[in-house]
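Colleague: First residue of the sequence shown? That's 0 in numbering that gives the first Met the number 0, and the numbers climb one at a time after it.
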Amino acid sequence: MTDVVVVESPAKAKTINKYLGSGYTVLASFGHVRDLPPKDGSVRPDENFAMSWQTDERGAKQIAAIAKALKGAKNLYLATDPDREGEAISWHVRSVLEDKKLLKNINVHRVTFNEITKSAVETAMAGPRNLDQPLIDAYLARRALDYLVGFTLSPVLWRKLPGSRSAGRVQSVALRLICEREAEIEVFKAREYWTVTGNFSTPKNANFQARLTHLNGQKLSQFDLNNESLAFAARDKVQSSQFTVQSVEKKRVKRNPPAPFTTSTLQQEASRKLGMSAQVTMRTAQQLYEGVDLSGETVGLITYMRTDGVTMAQEAVSSIRSHIQSTLGAEYVPQHARLYATKAKNAQEAHEAIRPTSVQYTPKDVAHALTTDQKKLYDLIWKRSVASQMQSAELDQVAITLADAQKQTLLRATGSTIAFEGFLKLYIEGRDDNTEEEEGKLLPSMTEGDRLSTGAVSAEQHFTQPPPRYSEASLVKKMEEIGIGRPSTYASILSVLRDRNYVKLEARRFLPEDRGRLVTAFLTSFFERYVDTGFTASLEEQLDDISGGRADWHDVMAAFWQDFSNAVEQTKDLKISDVIDALDEDLGEHFFPTKSDGGDPRLCTACGTGRLGLRLGKFGAFIGCSNYPTCQFTRRLVVDEAEAEEGLNDGPKMLGEDPETGENITIRRGPYGLYIQKGEPNPEDKKAKPKRTTIPKGIDGNHITLEQALGLLSLPRFVGLHPETGEKIEAGLGRFGPFVKMGSIYGALDKDDDVLTLGLNRAVDSLAKKLASIRNLGAHPKDKETVMVRKGRFGPYVQHGQTIANLPKDSDMDAVTLEEAIDLLAEKGKPLKGKVKKTTSKTKKSKEKATSTKATDEKKMPTPRSTKKKNTPTKKKVSKKEAE
0 MTDVVVVESP AKAKTINKYL GSGYTVLASF GHVRDLPPKD GSVRPDENFA MSWQTDERGA
60 KQIAAIAKAL KGAKNLYLAT DPDREGEAIS WHVRSVLEDK KLLKNINVHR VTFNEITKSA
120 VETAMAGPRN LDQPLIDAYL ARRALDYLVG FTLSPVLWRK LPGSRSAGRV QSVALRLICE
180 REAEIEVFKA REYWTVTGNF STPKNANFQA RLTHLNGQKL SQFDLNNESL AFAARDKVQS
240 SQFTVQSVEK KRVKRNPPAP FTTSTLQQEA SRKLGMSAQV TMRTAQQLYE GVDLSGETVG
300 LITYMRTDGV TMAQEAVSSI RSHIQSTLGA EYVPQHARLY ATKAKNAQEA HEAIRPTSVQ
360 YTPKDVAHAL TTDQKKLYDL IWKRSVASQM QSAELDQVAI TLADAQKQTL LRATGSTIAF
420 EGFLKLYIEG RDDNTEEEEG KLLPSMTEGD RLSTGAVSAE QHFTQPPPRY SEASLVKKME
480 EIGIGRPSTY ASILSVLRDR NYVKLEARRF LPEDRGRLVT AFLTSFFERY VDTGFTASLE
540 EQLDDISGGR ADWHDVMAAF WQDFSNAVEQ TKDLKISDVI DALDEDLGEH FFPTKSDGGD
600 PRLCTACGTG RLGLRLGKFG AFIGCSNYPT CQFTRRLVVD EAEAEEGLND GPKMLGEDPE
660 TGENITIRRG PYGLYIQKGE PNPEDKKAKP KRTTIPKGID GNHITLEQAL GLLSLPRFVG
720 LHPETGEKIE AGLGRFGPFV KMGSIYGALD KDDDVLTLGL NRAVDSLAKK LASIRNLGAH
780 PKDKETVMVR KGRFGPYVQH GQTIANLPKD SDMDAVTLEE AIDLLAEKGK PLKGKVKKTT
840 SKTKKSKEKA TSTKATDEKK MPTPRSTKKK NTPTKKKVSK KEAE
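1. Give me the residue from Gln801, Leu705 and Arg354 with the minimum Cα distance to Val309.
2. Report the three-state DSSP secondary structure of Ile323 (helix, strand or coil).
3. First and last residue of the beta strand (DSSP E) that includes Leu409?
4. Take Gln887 as the anchor and find which of Val6, Phe207 and Pro44 has the nearest alpha-carbon.
5. Residues in the same chain with beta-carbon distance under 6 Å from Cys606, minus the five sequence neighbours each way, listed in chain order, please.
6. On the DSSP bridge list, what partners appear for Tyr674?
7. Helix, strand or coil: how does DSSP classify Gly746 here?
8. If we ignore side chains and look at the alpha-carbon of each, how far apart do Val889 and Thr532 end up?
9. Taking DSSP as the reference, what is the three-state secondary structure of Tyr377?
10. Measuring CA to CA, which of Thr280, Asn255 and Leu26 is closest to Gln266?
11. Mind checking whether Ala392 and Gly421 have CB atoms under 8 Å apart?
12. Would Arg210 and Arg411 be called neighbours here (beta carbons separated by less than 8 Å)?
13. When DSSP labels each residue in this structure, what does Ser263 get in the three-state scheme?
14. Touching or not, the stretch 88 to 107 and the stretch 299 to 306, by the rule of three or more beta carbon pairs under 8 Å?
15. Using the C-alpha atoms, what's the distance from Lys827 back to Lys844?
16. Entirely within the stretch 177 to 208 and at least 3 residues each: give me those beta strand (DSSP E) ranges in chain order.
17. Pull up the DSSP beta-bridge partners for Arg774, would you.
18. So, helix, strand or coil for Tyr426, using DSSP?
19. Which same chain residues, not among the five before or five after Trp52, have their C-beta less than 6 Å away from its C-beta?
20. As an exercise, report each continuous alpha helix (DSSP H) stretch of at least 4 residues that is fully enclosed by the stretch 483 to 532, in chain order.
21. Taking the alpha-carbon positions, what's the His322 to Gln359 distance?
22. Are the stretch 378 to 385 and the stretch 240 to 254 touching by the rule of at least three beta carbon pairs closer than 8 Å?
23. Using the Cα positions of Asn16 and Thr116, report the straight-line distance between them to the nearest angstrom.
24. Identify, in the order they occur along the chain, each residue of the same chain with its Cβ nearer than 8 Å to the Cβ of Met50, setting aside the five sequence neighbours on each side.
25. Given that a residue counts as buried once 16 or more other Cβ atoms are within 10 Å of its Cβ, and exposed if not, what is Glu885?
26. Here's a check: name, in chain order, each residue in its chain whose Cβ is nearer than 6 Å to the Cβ of Tyr192, leaving out the five neighbours to either side.
27. State the DSSP-derived secondary structure class of Asn433, mapped to helix, strand or coil.
28. Per DSSP, Pro737 is paired with what?
29. Would you kindly check if the distance between the Cβ of Lys159 and the Cβ of Ile481 is under 8 Å?
30. Over what stretch of residues does the beta strand (DSSP E) that includes Met653 continue unbroken?
31. Since Phe462 is in the beta strand (DSSP E), which residue starts that stretch and which ends it?
32. At 3 residues or longer, what runs of the beta strand (DSSP E) sit wholly inside the stretch 30 to 90?
33. If we count Cβ pairs, one from each stretch, closer than 8 Å, do we get three or more for the stretch 809 to 819 versus the stretch 770 to 779?
34. Report yes if the C-beta distance between Val456 and Gly197 is below 8 Å; otherwise report no.
35. Can you give me the Cβ contacts of Ile579 inside the same chain, cut-off strictly under 8 Å, excluding the 5 residues immediately before and after it?
36. I believe His553 touches Asn47 by the beta-carbon criterion, under 8 Å. Please report the beta-carbon distance rounded to the nearest angstrom.
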């Protein structure tokens, strides 16, 4: 019998099975096979933090498949991902199998590989180890912490702050960072300052610019020229003076290449350079790691993508250095290989950096096998990895000081030139929007004492800028700097904040929603310690100590739970009025900003005497008047200024007319948010309703254009023909978000995908995942409609139109023929679920009773005259709900 290998994903299982051969059966766990049930009592602090685990339907199916494969096997290899989460998945698989007593006489091994290549897999299989208990303990502690915080703190939020969703251990701290940055921006007061810049010419008529740095013998600080009068006086002083070159400073500096990517730096750079969200980045990296088809063979292109390490394997470094020498030249290869040190505190999880599995797989050579996102991300990873082993760039920096005759007025010009490109020939690191480029322009040749001609001199007004809002890149960087979260959690943290409508993204920057600010204000007022960055970072360090075997997870949990449960206990007597007062004080400036005319921002505009303030109702917080119930003025918090300006609270907003029908296209607010409507209801035909469509995530409803609205109303839209089958592909919006459709086959899209601009390549890629679980058998002889065999939740089945039939148990879907499928449909075919109205049991019984009564009565009836309606049961009217 074959030995069994368990990995996480089916794509990985297929590739690894090819590498290992027929002596092994490789199965996928599909991630975790069990988890904590989402109910109270799953973690029991009073029982030393004992946990109750629950295997879901999918997990049970995978365990059953593994158990079946283990019959007669001697070895079980747990080859899940090489991190804490992967270790936990292996532990769960082993634990479930042990509980079922399925591991008798079977040796259990743990193997890990950082890349999915034949050599890496074979090397890992040759050197198995035991499960890493400290890593498992760290997982248990983290899972218990997140569960206890979520299931203890969230109910407090629901009771004391109606309308809030939930609170998480790390997500709440990330939300606080976003809210505090917004508060800084709101209170920021811009300060005026001026700069004076002059144009000068050398004796050889070469032009350059210099900025005023000293005036009347004093060095200028940023705000010394803080008004037009002072700035113009300084400008005139420069304009009327004769300048010479006082000094010329030259120096050559080196710029070293950045380290290869970690999870954090990859997310940051992909956001800055490619505009990818953290979630899309990680999903695309996962695809590159699991492998793509190259010349008929599945090849993993990058190493494992969840890592905080910056080191690379020696053989990879040697291969990269050889590639640089052969393609760029020996001058681009440093004398010694570059070594990078990780800054991560958790040495246990400091794996190899993210790099190509082989430098020979250049972006150009593999581009044909990749999707658009995969090409962009692989190009970024490949270039960063190669650049990290290249020679430093050399820059010649020049600083020239100009002085008037009295040496009381000085100006300075700076510039630089690249003397040697080094790694810059291949890769230039992205910069945040608020980062200024240090290098200046090339300056003409000058020597000390040169007399210069003064050209036009300008004074330019500036205002200080508030701190920038966090982008995904800068927020991930901040969380990493202060030590909260870990590589595998950044993407999910940012996703949760958006999904719960605590924040929104505008121009790729995070803006807190009012709901998010209320939650943060509540937590900082009553649970300040647990949303403190220092406390959360110290807790992460304790978790790292557990994974390093330096601390016991039960002790860490006990210390945390004692203080946390006491803090929650203290909120039991908390009055709603206390919550309102705390929120009103914290967010008063936000909801009631100072008026430019000096008026009272809290004065009720309805009654003219009441004071406006925060109120809490059944559906959340709102603004209300102190004169209630005499004055019933209210204002929702979820409405921002833009919506108020657009008038969406008072009625629909007109976008324009449909050029074909002339009907009005409007944007309206419904109970579930903004939507688009074409035309108006027909009062004479109540059944005819105007066409409506929701506004998908990613499109700002307040600034949607008529063209976008018409595009959404026209969905589904034709995308193109499938390059292999020639079938029509359409894109549309459904209950669960955007989708693509080819015949009866649907493929889910990401919420970031724009159905109005979606291209054929992305559509084909999405359908490919679905088509992998579908096999076309051919046309049915009756109507020529396609007969398919598909994978279902309960096993494979055949389908023809809206008729399906399950395959016999243990049947192979790849072996079913068209003739067998047709026979099966004819014999056991049944309507596709949800396509036919069900007859309720109550109605069925009623009909059965009617038939029975009628038959009995007919036996008793001597003449036809006796058969009357009184013996015929009345048909019970079936409600619409029952029928469905």
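No residue lacks a Cβ here, since even glycine has one placed at the ideal position from N, Cα and C.
Modeller: This is what the structure holds:
1. Locating residue 309 in the sequence shown gives position 310, counting from the first residue. Residue Arg354 is the option with its Cα nearest to Val309.
2. For the purposes of this step, residue 323 is taken as the residue at position 324 of the sequence shown. DSSP places Ile323 in helix when its eight states are reduced to three.
3. Stepping through the sequence shown from its first residue, residue 409 is reached at position 410. It spans Leu409 to Phe419 - the beta strand (DSSP E) in which Leu409 sits, taken as one unbroken run.
4. No statement about residue 887 is possible, as the shown extent of the chain runs from 0 to 883 and does not include it.
5. As a position in the sequence shown, residue 606 is number 607, starting the count at 1. Closer than 6 Å at the Cβ level, and outside the excluded window around Cys606, lie Asn626 and Cys630.
6. As a working mapping, residue 674 is identified with position 675 in the sequence shown. Looking at the DSSP assignment, Tyr674 forms a beta bridge with Arg667 and Thr693.
7. For the purposes of this step, residue 746 is taken as the residue at position 747 of the sequence shown. Correct three-state label for Gly746: strand.
8. Since the first and last residues shown for the chain are 0 and 883, residue 889 lies out of range.
9. By 1-based counting over the sequence shown, the position of residue 377 is 378. Three-state DSSP puts Tyr377 in a helix.
10. One-based indexing of the sequence shown puts residue 266 at position 267. Cα-wise, what sits closest to Gln266 is Thr280.
11. Within the sequence shown, numbered from 1, the residue matching residue 392 stands at position 393. Within the sequence shown, numbered from 1, the residue matching residue 421 stands at position 422. Going by C-beta atoms, Ala392 is nearer than 8 Å to Gly421.
12. By one-based count along the sequence shown, residue 210 stands at place 211. By one-based count along the sequence shown, residue 411 stands at place 412. A contact, by the Cβ cut-off of 8 Å.
13. Locating residue 263 in the sequence shown gives position 264, counting from the first residue. In this structure, Ser263 counts as helix in the three-state DSSP scheme.
14. no
15. For this step, residue 844 is matched to residue 845 along the sequence shown. For this step, residue 827 is matched to residue 828 along the sequence shown. Residue placement at Lys844 cannot be trusted, given a pLDDT of 45 that sits under 50; what the coordinates show is reported in the next sentence. Rounded to whole angstroms, Lys844 to Lys827 spans 25 Å at the Cα level.
16. 191 to 200
17. On the sequence shown, position 775 is the one that residue 774 refers to. Answer by DSSP bridge pairing, in chain order: Val788.
18. Residue numbering aside, residue 426 sits at position 427 when the sequence shown is read from its first letter. Tyr426 falls in the coil class under three-state DSSP.
19. Within the sequence shown, the letter at position 53 stands for residue 52. Taken in chain order, the residues that qualify are Arg33.
20. 489 to 498 and 513 to 525
21. Locating residue 322 in the sequence shown gives position 323, counting from the first residue. Locating residue 359 in the sequence shown gives position 360, counting from the first residue. Straight-line Cα distance between these residues: approximately 8 Å.
22. no
23. Position 17 of the sequence shown, counted from the first residue, corresponds to residue 16. Position 117 of the sequence shown, counted from the first residue, corresponds to residue 116. If you take the alpha carbons of Asn16 and Thr116, they lie about 12 Å apart.
24. Counting from 1 along the sequence shown, the entry for residue 50 is found at position 51. Contacts found: Leu35, Ser41, Val42, Arg43, Leu139, Arg142 and Ala143.
25. Look at the range of the chain in this structure, 0 to 883, and you will see that residue 885 is not part of it.
26. If you number the sequence shown from 1, residue 192 lands on position 193. Counting only Cβ-Cβ distances below 6 Å, and skipping sequence neighbours, we find Gln221, Phe222, Asn225 and His461.
27. Counted from its first residue, the sequence shown places residue 433 at position 434. Because Asn433 sits at a pLDDT of 43, beneath the cut-off of 50, its placement in the model cannot be relied upon, and the following sentence gives the value as read from the coordinates. If DSSP states are grouped into helix, strand and coil, Asn433 belongs with coil.
28. For this step, residue 737 is matched to residue 738 along the sequence shown. In the DSSP output, where bridge partners are listed per residue, Pro737 has Leu732.
29. For this step, residue 481 is matched to residue 482 along the sequence shown. For this step, residue 159 is matched to residue 160 along the sequence shown. No, these two residues do not count as a Cβ contact at 8 Å.
30. Taking the first residue of the sequence shown as position 1, residue 653 is located at position 654. Counting along the chain, the beta strand (DSSP E) containing Met653 begins and ends at Lys652 to Glu656.
31. Looking up residue 462 in the sequence shown gives position 463. Residues Arg450 to Phe462.
32. 74 to 77
33. yes
34. Locating residue 456 in the sequence shown gives position 457, where the first residue counts as 1. Locating residue 197 in the sequence shown gives position 198, where the first residue counts as 1. In this structure, Gly197 lies closer than 8 Å to Val456 by Cβ.
35. Here residue 579 refers to the residue found at position 580 when the sequence shown is read from its first residue. Result list for Ile579: Gly612, Leu613, Arg614 and Leu615, in chain order.
36. For the purposes of this step, residue 553 is taken as the residue at position 554 of the sequence shown. For the purposes of this step, residue 47 is taken as the residue at position 48 of the sequence shown. Confirmed, Cβ separation roughly 6 Å.
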